Amino acid sequence: MAGLRTGFALMAAALLAGCATVPSQRAEFEAVRVALDGHIRTLASPEYGGRMPGTEGGQLTEKYVADTLAGYGYEAGAADGSWFQKVGIERFSPSSSSLVITGKGKPARFEGDGLIVRLRADGMLVPDSGVVFVGSGEGLHEGSLAGQVVLVRADDVQQLADDLLDAEPAAIVTLFDDQDRFDRLARNFRRGRYGLASEETETTAFALFAPGFTARLLDTLHVTDQQLGERAAEAEGPVVLDARAKLTVDQDKETVESANVIGVLHGRVKGSGTVMMLAHWDHLGTCGKEGDEDRLCNGAVDNASGVGVMLETARRIAAEGPLDRDLYVIGTTAEELGLLGAEAFAEDPPFPLPTVVAAFNMDTMAISPRGAPITVIGDGRTPLDHGIREVAESLGRKLDIREEHQEFVARQDGWALLSRDVPAVLVGTAMGDEAAFGGFMSSHYHRASDEWREDLELGGATEDILLHVALLHFFGNEASYRPGDD
0 MAGLRTGFAL
10 MAAALLAGCA
20 TVPSQRAEFE
30 AVRVALDGHI
40 RTLASPEYGG
50 RMPGTEGGQL
60 TEKYVADTLA
70 GYGYEAGAAD
80 GSWFQKVGIE
90 RFSPSSSSLV
100 ITGKGKPARF
110 EGDGLIVRLR
120 ADGMLVPDSG
130 VVFVGSGEGL
140 HEGSLAGQVV
150 LVRADDVQQL
160 ADDLLDAEPA
170 AIVTLFDDQD
180 RFDRLARNFR
190 RGRYGLASEE
200 TETTAFALFA
210 PGFTARLLDT
220 LHVTDQQLGE
230 RAAEAEGPVV
240 LDARAKLTVD
250 QDKETVESAN
260 VIGVLHGRVK
270 GSGTVMMLAH
280 WDHLGTCGKE
290 GDEDRLCNGA
300 VDNASGVGVM
310 LETARRIAAE
320 GPLDRDLYVI
330 GTTAEELGLL
340 GAEAFAEDPP
350 FPLPTVVAAF
360 NMDTMAISPR
370 GAPITVIGDG
380 RTPLDHGIRE
390 VAESLGRKLD
400 IREEHQEFVA
410 RQDGWALLSR
420 DVPAVLVGTA
430 MGDEAAFGGF
440 MSSHYHRASD
450 EWREDLELGG
460 ATEDILLHVA
470 LLHFFGNEAS
480 YRPGDD
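If you're matching positions, the sequence shown starts at 0 in numbering that gives the first Met the number 0 and goes up one per residue.
Below, the structure written as structure tokens:
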């Protein structure tokens, strides 16, 4: 590896030779920042309507990404020879839902605003099922709750989600005791359940119970929340309750057409493999509460900034000439709806996925200031770690790898590739400044306030562009990186 390090250091020096003086470095940095700002300002403008897939704003975004890449010298990269990989998206939303629980006394019927159901299927009828309370993952295994209606506290549902889904219940009813928490999640559920038209439908319904419904349910079962917890602890597994349930879900279904945008810069060495960049172009359209003065979710940081980083990186690579390896640049759709565009790409790629040497996802980039350390989502899961560190060191950049950052690994488009054994990572400064990242997540994430402004922090994201140019030169050229030499 010593030879590779020396070779790459020389290459990095050559790449930076044109900006060896401080004034020229400043000029280059400012030019990159201005280009990034222009992409964000355009994509987060009201004209793009929040970039919801299947809308006029979504189509405008697809065209913007394709036209921009074409202007940089990229070729259309979809399998049909076009720029656009079509992605069919289905949206299921409940037209009516009801849950009837019969305990020792009179049946209790729950319907209306206190019961919100999400299900990716045409509908569901569970005519007569048992009712089970789950307080921990003990005693759960594949199919162990098949056909049952499961009750789980809101505080527990996230950590139990995977175990519960493996147990295959008919429905998971989340019990809330806090109205604000219920309202926040209910707004998300009311958007409906999205999926690819090519996917199988779901067999488990997800339901939310408002605090008032939770209290009435406990009365119907003649039990308190504390008693449920105690019984679950004693049972060391699911608690079978003396009750029966009937669940009815009627659904409305809507199908929309969207697209991943795919461009390619063919490499110099045929058969040497592929490197990739991807960033989701979509956002939420509208968000917030009915009656809010501003309900347009512009998505400046999430993820106009990621698209901007991807496009400016693509421009700089093309301007310097092709890499040895093919470079695919992909603007994915419907990330906000469940990584759907990335999944559609991974299911039907325009080239064999095993040829991918390295893939870099770019999401929510414009947060931290210049000089923030680099984090890597996917660290320890690919052969790329050593090369990423080598590149960072050659640029004088600091890495800050933390296990808590890996909690996001399955929440970003790179997961669609990584879960298929494609080496995919998200490298950048966004989480490098904890205060800045926490401030964005608590105040602007998925809110109308995530919009372009003149003082939007672009320092870290600008450095991320220069970093990704170096990463692509390293992983995109045979002299500096060959898979298996790690």
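From the three backbone atoms N, C-alpha and C, an ideal C-beta is built for every residue, glycine too. This one's a predicted model, so the numbers in the text were calculated from it and none came from an experiment.
| Query | Result |
| --- | --- |
| Looking at Lys245 and Val99, is the spacing between their C-beta atoms short of 7 Å? | yes |
| Do Ala65 and Val125 have their C-beta atoms closer together than 7 Å? | no |
| How would you call Gln158, buried or exposed, if buried means at least 16 neighbouring beta carbons within 10 angstroms? | exposed |
| May I have the straight-line CA-CA distance separating Leu114 from Ser448, to the nearest angstrom? | 29 Å |
| Tell me which residues share the same chain as Gly6 and place their Cβ nearer than 7 Å to its Cβ, disregarding the 5 neighbours each side in the sequence. | Its pLDDT being 48, under 50, Gly6 is placed unreliably in this model, and the value from its coordinates should be taken loosely. Excluding residues within five positions, the ones whose Cβ falls inside 7 Å are Ala478 and Ser479. |
| I need the boundaries of the beta strand (DSSP E) containing Gln84, first residue and last residue. | Phe83 to Thr101 |
| Is it buried or exposed for Ala434, if we count other Cβ within 10 angstroms and need 16 for buried? | exposed |
| Going by alpha carbons, who is nearest to Arg192 out of Lys288, Ser94, Pro106 and Gly146? | Ser94 |
| Short check: CB of Asp162 to CB of Gly136, under 7 Å? | yes |
| Would you say Ile329 and Leu471 are within 7 Å of each other, going by their C-beta atoms? | no |
| Between the Cα of Leu174 and those of Asn297, Val131, Ala409 and Ser197, spot the shortest distance and give me the residue it belongs to. | Val131 |
| Whole angstroms are fine: how far does the CA of Tyr73 sit from the CA of Val33? | 22 Å |
| Does the distance from the C-beta atom of Arg380 to that of Pro321 stay below 7 Å? | no |
| Are the CB atoms of Ala303 and Leu42 within a distance shorter than 7 Å? | yes |
| What span of residues does the beta strand (DSSP E) with Leu277 cover, start to end? | Thr273 to His279 |
| Excluding the five sequence neighbours on either side, which residues of its own chain have a C-beta within less than 6 Å of the C-beta of Val116, listed in chain order? | Pro93, Ser96, Ala204, Ala206 and Val248 |
| Could you check whether Val355 and Met275 sit closer than 7 Å to each other, using their CB atoms as the reference points? | yes |
| Quick one: Cα of Glu311 to Cα of Leu417, how far? | 24 Å |
| With DSSP collapsed to three states, give me the class of Leu264. | strand |
| Pull up the distance between the alpha-carbon of Asn476 and that of Glu450, whole angstroms please. | 37 Å |
| Run the CB neighbour count on Ala333, radius 10 Å, all protein chains shown included, and call it buried at 16 or more, exposed below. | buried |
| For Ala242, which residues in the same chain have their Cβ closer than 7 Å to its Cβ, ignoring the five residues on either side in sequence? | Ile100, Thr101, Gly102, Val130 and Leu220 |
| With distance defined between alpha-carbon atoms, name the residue in Val263, Phe91 and Pro482 nearest to Ser271. | Pro482 |
| With distance defined between alpha-carbon atoms, name the residue in Gly262, Gly87, Ala209 and Glu392 nearest to Asp177. | Ala209 |
| Name the one or two DSSP bridge partners that Ser128 has. | Ala244 |
| Just the C-alpha distance for Leu339 and Val263, rounded to the nearest angstrom, thanks. | 21 Å |
| Could you pull the start and end residues of the beta strand (DSSP E) that Phe359 belongs to? | Val355 to Asn360 |
| Could you check whether Asp463 and Met309 sit closer than 7 Å to each other, using their CB atoms as the reference points? | no |
| Start and end of the alpha helix (DSSP H) containing Val180? | For the record, residue 180 in the displayed sequence is Arg; it is not Val. First-last of the alpha helix (DSSP H) with Arg180: Gln178 to Arg189. |
| Using only CA atoms, which one of Leu59, Leu295, Ala160 and Ile171 lies nearest to Gly146? | Ile171 |
| Measuring CA to CA, which of Gln405, Gly458 and His279 is closest to Arg50? | His279 |
| Under DSSP, the beta strand (DSSP E) around Ile329 begins and ends at which residues? | Asp325 to Thr331 |
| State the CB to CB distance for the pair Phe91 and Leu118, rounded to an integer number of angstroms; the pair is presumed to be in contact (CB under 8 Å). | 6 Å |
| Might you give, ordered along the chain, the residues of its own chain that have their beta carbon closer than 7 Å to the beta carbon of Glu201, omitting 5 neighbours on each side? | Leu118, Arg119 and Ala120 |
| Whole angstroms are fine: how far does the CA of Lys85 sit from the CA of Glu55? | 16 Å |
| Return the chain-ordered list of same chain residues with a C-beta closer than 7 Å to the C-beta of Arg230, the five sequence neighbours on each side being excluded. | Val238 |
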